[in-house]
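Trainee:
Residue numbers (full-length UniProt numbering): 1 to 188.
1) Figure out for me which residue from 175, 131, 144 has the closest Cα to the Cα of residue 114.
2) Mark residue 173 as exposed unless 16 or more other C-beta atoms lie within 10 angstroms of its C-beta, in which case mark it buried.
3) Helix, strand or coil, according to DSSP, for residue 77 in the structure here?
4) Name the residue from 91, 92, 107 whose alpha carbon lies nearest to the alpha carbon of residue 203.
5) Which whole-angstrom value describes the C-beta separation of residue 139 and residue 100, a residue pair presumed to lie in contact below a C-beta threshold of 8 angstroms?
6) So, does the region 85-92 touch the region 116-126, judging by three or more C-beta pairs under 8 angstroms?
7) Quick check: what's the CA-CA separation for residue 98 versus residue 161?
8) Please report the straight-line C-alpha distance between residue 176 and residue 85, rounded to a whole angstrom.
9) Can you name the start and end residues of the alpha helix (DSSP H) that residue 140 belongs to?
10) At the level of alpha carbons, what is the spacing between residue 105 and residue 94?
11) With a CB to CB cut of under 8 angstroms and the five nearest residues on each side skipped, what residues in its chain are close to residue 154?
12) Please work out which residues of its chain come closer than 8 angstroms, Cβ to Cβ, to residue 110, disregarding the five sequence neighbours upstream and downstream, and give them in chain order.
13) Any idea what DSSP makes of residue 151, helix, strand or coil?
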């Protein structure tokens, strides 16, 4: 009976090179509750590669002890065409999504800069906000498109639209063009 101390790297190195393939997944299962990875094992490969057991005892039964290495090997070689197609699609989508996000950010910056300029302007008129409202509408459209195609989460889109609306409302309140909680004029 041979006693061997081994680790996973030595186990992998002991497999003959033609049969050696890169494992797709590697799992360790403790066969005994007292098993440890660094323990010494009296081991013989029984039942194929990956199943380790102690040789027969006097009763003729095989006793399992230690760790069992479970390994799924995949066929090496060229990738399937579906993988290559998926990679091409991912590249196309990444470029498109980046363009959509860039457009959205540009439109948001345009609105935010215009609102900041309006806030600092000394002789601002309520008519000045009309152009900014058109730009806000374009920004909303860009945000909605980005969310629709899945390049941005719905909540993030709502957050960005809310940010634009809050900034506009702040300037309207600051200038006195909008009074929050104002009661409508009575029509009697």
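No residue lacks a Cβ here, since even glycine has one placed at the ideal position from N, Cα and C.
Mentor: Looking at the coordinates:
1) Translated into positions along the chain shown, residue 114 becomes position 114. Considering only alpha carbons, the answer is 131.
2) Locating residue 173 in the chain shown gives position 173, where the first residue counts as 1. Under this definition residue 173 is an exposed residue.
3) Residue mapping note: residue 77 aligns to position 77 of the chain shown, counting from 1. In the structure shown, residue 77 sits in coil (DSSP, three-state: anything other than H, G, I, E or B).
4) Because the chain in this structure spans residues 1 to 188, residue 203 falls outside the shown range and cannot be described.
5) Within the chain shown, residue 139 is the residue found at index 139, counting from 1. Within the chain shown, residue 100 is the residue found at index 100, counting from 1. That pair is no contact at about 13 angstroms.
6) no
7) The count along the chain shown starts at 1 and reaches residue 98 at position 98. The count along the chain shown starts at 1 and reaches residue 161 at position 161. Going by the C-alpha atoms only, they are around 19 angstroms apart.
8) Counting from 1 along the chain shown, the entry for residue 176 is found at position 176. Counting from 1 along the chain shown, the entry for residue 85 is found at position 85. So the alpha carbons of these two residues sit roughly 58 angstroms apart.
9) As a first step, residue 140 must be located in the chain shown, where it is residue number 140. It spans 128-148 - the alpha helix (DSSP H) in which residue 140 sits, taken as one unbroken run.
10) In the chain shown, the residue the question calls residue 105 occupies position 105. In the chain shown, the residue the question calls residue 94 occupies position 94. Near 16 angstroms, if we compare the C-alpha coordinates of residue 94 and residue 105.
11) Taking the chain shown and counting its residues from 1, the one referred to as residue 154 is at position 154. Taken in chain order, the residues that qualify are 147.
12) Start at 1 with the first residue of the chain shown, and residue 110 comes out as number 110. If we look at residue 110 and ignore the five residues flanking it on each side, its Cβ neighbours are 135, 139.
13) The residue labelled residue 151 in the question sits at position 151 within the chain shown. Coil.
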